[in-house]
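Under UniProt numbering, residues 1 to 495 are what the sequence shown spells out, in order.
Glycine included, each C-beta is placed from N, C-alpha and C at the ideal position.
Since the structure comes first, as structure tokens, the remarks are kept for the end.
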Amino acid sequence: MTILDIHDIPAQRRADVLGQVPTGLLIGSWRPAEHGETFPVHDPATGAELLQIADGTTADALAALDAAADAGPAWAATSPRERSEVLRRAYEALTARTDDLALLITLEMGKPLDESRTEVSYAADFVRWYAEEAVRLDGRHTASPDGGSRIITSPQPVGPCLLITPWNFPLAMGTRKIAPALAAGCTVVLKPAALTPLTSLLMAQILLDAGVPEGVLNVITTTNPGTVSAPLMADARLRKVSFTGSTAVGQRLVEQSASQLVRTSMELGGNAPLIIFDDADLERAVKGAVIAKLRNGGQSCVAANRILVQEGIADEFVARFQQAMAAVEVGPGTQPGVAVGPLIDDRAVKKCSELVTDAVVRGAKLVAGGDPLPMPGHFYPPTVLDHVPAGARILDEEIFGPVAPIVRFGPEAEAVALANATPFGLAAYVFTENLDRALRVSDALETGMVGINQGIVSNVAAPFGGVKHSGLGREGGHEGIEEYLETKYLAVNKS
Ligand code: NAD
């Protein structure tokens, strides 16, 4: 493969950042994989190899669980304040390294540097939030109905956890799990995605430097995730799995959780409807739709997957939205002014092309984009399809790219029926100036989250998660730490 250098960042700066990334497995301390195998990590903007890192095996994964299980009792016995202060130092250390982490995210995942900086801040904020939550855990003290005994409950850490994360937010998907787990007193084995493991490796070193004790955080990178996760799921010492990724893999993990009754949190795929009513503020709706569609290049589980527009406003919305989408600059994430970087790989580009072709063959009208860009790397332009008919694959599948299919609707009930006509139920967006309608439609939507007059729903203080095939459990907010806690009940005789 020809390695093209199209980055605006000096080669020495890139080499310096890559040079800080530990390339081994974190099993208590850093070490190579069992047989010394490694695998390459590539830059999606150029195809260039960035680094070779350790390719973990089943034995490595079990050694990581040994380390997590051994460190468990001592970490659970630390005071909440001690855990809080370790996390607070980790937050400060991550924030101080924003530039390095952001460049690494852009190099291995592709998103524009500004978005990577926003991800670092969002990711670090989970660590700050759970540093604060660590000292706010409480239980109940009450009397039994007959007055004969006291009921006391206390939160307990669930125990060693397996955390599996996807490639699209290489830092935030990790800290969203690690921070509440550590705050709760759990130890963890993190398995980041093979496409973007470098950010997790540097993050792990930063956390160790901030005082996370040996064995509390372990990291296994691998090209063979099944051979790492299956034996851990079958091991009685593992008490929890928290997974973010595709619904198919999540379903497999839930099946595997049955043998040891491992607790599960599943953040899975989405098919978010973005609904614009006739009474919406058009400018807000266009802005919100562009953000909900193009943030992370469309590679987000909460990305607007279907844009549903009421007939009275549709022509004007399409005209302005299509203009806004076409004006967006696409290119390497290190180039100033670029708002959409490369897709993660060739498969992603091919999927966008196939979904657009299928929709056009079925009668959709292509109003912007649509042609793959004649440049190296995995680029696809912001694309808008109008009048997408029922049955088009693009309305049923997760696009994970910058393509916006528009469907027009008549009455409000039709919008709700269209929005709910999917097995997924993660996020939805509603644009209307009518508060009654906003609340009525939000109630009727079968999703875990609804953005009202805004195209972003994530916030560290809010419970992020879905219903139906989008998963089980919540991350962020107070709810996020509950996923790592058991409730112990003490029955105390009242004499
Ligand atoms: P993926 O399911 O292919 O991979 C996710 C993780 O699971 C990776 O670490 C991968 O190595 C691992 N994995 C793959 N096969 C496995 C197996 N058999 N056993 C154990 N682990 C396995 O998903 P992806 O392509 O990395 O990510 C995209 C998906 O993630 C999309 O569907 C997206 O909607 C979803 N996602 C959801 C959220 C959310 O919060 N709901 C957030 C981000 C991404």
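Relative to the C-alpha of residue i, which residue among the options is closest?
i: residue 289; options: 480, 241, 402, 131; result: 402
i: residue 454; options: 64, 383, 282, 219; result: 282
i: residue 159; options: 494, 483, 493; result: 483
i: residue 60; options: 29, 82, 358; result: 29
i: residue 220; options: 352, 174, 474; result: 174
i: residue 515; options: 461, 237, 285; result: Here the chain covers residues 1 to 495 and nothing more, so residue 515 does not appear.
i: residue 171; options: 132, 244, 141; result: 244
i: residue 216; options: 87, 229, 478; result: 87
i: residue 469; options: 424, 406, 211, 441; result: 424
i: residue 155; options: 492, 485, 491; result: 485
i: residue 223; options: 52, 236, 347; result: 52
i: residue 299; options: 109, 261, 430, 465; result: 109
i: residue 346; options: 7, 16, 18, 43; result: 43
i: residue 242; options: 148, 270, 179; result: 179
i: residue 474; options: 229, 213, 326, 267; result: 267
i: residue 293; options: 280, 76, 273; result: 273
i: residue 99; options: 89, 203, 37, 75; result: 203
Classify residue i as helix, strand or coil using the three-state DSSP reduction.
i: residue 339; result: coil
i: residue 398; result: coil
i: residue 237; result: coil
i: residue 4; result: Any reading at residue 4 needs caution, since the residue's pLDDT is 48, under 50, leaving its predicted position unreliable; the model's value is listed next. Coil at residue 4, not helix or strand.
i: residue 373; result: coil
i: residue 156; result: strand
i: residue 54; result: strand
i: residue 307; result: strand
i: residue 320; result: helix
i: residue 263; result: strand
i: residue 167; result: coil
i: residue 328; result: coil
i: residue 149; result: strand
i: residue 404; result: strand
i: residue 127; result: helix
i: residue 434; result: coil
i: residue 17; result: helix
i: residue 346; result: helix
i: residue 426; result: coil
i: residue 9; result: coil
Could you tell me whether any non-hydrogen atom of ligand 1 is closer than 8 Å to the CB of residue i?
i: residue 168; result: yes
i: residue 267; result: yes
i: residue 357; result: no
i: residue 317; result: no
i: residue 295; result: no
i: residue 240; result: no
i: residue 403; result: no
i: residue 460; result: no
i: residue 463; result: no
i: residue 510; result: For the chain, the structure presents residues 1 to 495; residue 510 sits outside this window and is missing.
i: residue 398; result: yes
i: residue 440; result: no
i: residue 173; result: yes
i: residue 225; result: yes
i: residue 199; result: no
i: residue 511; result: Only positions 1 to 495 of the chain appear in the structure, and residue 511 is not among them; the question remains open.
i: residue 426; result: yes
i: residue 161; result: no
i: residue 259; result: no
i: residue 379; result: no
i: residue 65; result: no
i: residue 164; result: yes
i: residue 499; result: Because the chain in this structure spans residues 1 to 495, residue 499 falls outside the shown range and cannot be described.
i: residue 475; result: yes
i: residue 193; result: yes
i: residue 301; result: yes
i: residue 252; result: yes
i: residue 327; result: no
Mark residue i as exposed unless 16 or more other C-beta atoms lie within 10 angstroms of its C-beta, in which case mark it buried.
i: residue 363; result: exposed
i: residue 496; result: With the chain represented from 1 up to 495, any question about residue 496 goes unanswered, as that position is not in the structure.
i: residue 141; result: exposed
i: residue 165; result: buried
i: residue 133; result: buried
i: residue 198; result: buried
i: residue 493; result: exposed
i: residue 71; result: buried
i: residue 489; result: exposed
i: residue 229; result: buried
Note to self: For a minimum of 3 consecutive residues, which ranges assigned as the beta strand (DSSP E) are wholly contained in the segment 169 to 223?
What the structure shows: 188 to 191, 217 to 219
Checklist line | Completely contained beta strand (DSSP E) runs for the segment 40 to 88, where each covers 3 or more residues | finding: 49 to 54
Checklist line | Contained beta strand (DSSP E) runs [length at least 3] in the segment 447 to 488, N- to C-terminal order | finding: 449 to 452
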